[in-house]
């Protein structure tokens, strides 16, 4: 015989244990005390088995409603008081949720923005180097399967996890790194003065002059364009005050 079990917010969240020993208000970062009235925002993706307490607010910072429901999420805005419960095994206390009052809810079918998890960034290796990435140069995927540096090569690429490429001995395309940091390097054509991206600069100059030897393109051992010292000097991304170190945080 099937027994129906109620799954309203009171049954779901009353007595739930918080992961932080000293939880803070999401808005003002104040440490929340035992017995204090708080509001929590919990959400669950439509097919996920569990809810997650994503935000916790003090009384002064409490939102009154879900202002932007998200399509595909089951969302709850709940009011409660913090309590502390003793763990008899460790003899330590941990914060829990008291009696639950529902302020607002949103079903997965409501909302305008879709919930989604961002795919991890990927790198691109030439198909000819996929079996031996240690000697290759990898590009950063622009999200559409093309190098972020706008390389005009007709080479075929295979996507690999960016973290895997960074951990290998493969070298990263310098133009991709600059573009990733938000500073697409350019320099003016000496003939028409148009600002041209570094990866296309040699080809543009040759097209302007009709001289195949003018501004000959430098390539690395696997045929990918490399950044010359002149290009580095004229690039906006390498002038004083610009961010060029690879260890700086990526945007």
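Residue numbers (full-length UniProt numbering): 1 to 251.
Cβ atoms here follow ideal geometry from the backbone N, Cα and C, with glycine treated the same way.
- Of the candidates 125, 176, 158, 178, 125 places its Cα closest to the Cα of residue 170.
- Under the criterion of beta carbons closer than 8 Å, residue 83 and residue 72 do not qualify as touching, at roughly 32 Å.
- For the set 50, 156, 40, the Cα lying nearest the Cα of residue 101 is the one of 40.
- Contact check between the region 50 to 67 and the region 134 to 149: fewer than three CB pairs, one atom from each, fall below 8 Å, which does not count as touching.
- In this chain, the alpha helix (DSSP H) harbouring residue 163 covers 162 to 167.
- The C-alpha of residue 70 lies about 25 Å from the C-alpha of residue 17.
- Between residue 122 and the set 104, 132, 103, 164, the nearest pair of CA atoms involves 164.
- By the 16-neighbour rule on beta-carbons within 10 angstroms, residue 174 is buried.
- Classified as buried, residue 147 has 16 or more neighbouring CB atoms from the shown chains inside 10 Å of its CB.
- Just so you know, the alpha carbons of residue 149 and residue 179 end up roughly 6 Å apart.
- Counting only runs of at least 3 residues, the UniProt domain "DUF8112" (15 to 108) fully encloses the following beta strand (DSSP E) elements, listed from N- to C-terminal order: 37 to 45, 52 to 57, 73 to 87, 92 to 97, 101 to 106.
- Counting along the chain, residue 194 sits inside no beta strand (DSSP E), nor does DSSP assign it H or E at all.
- One thing to note: residue 58 has its Cβ within 8 Å of the Cβ of residue 32.
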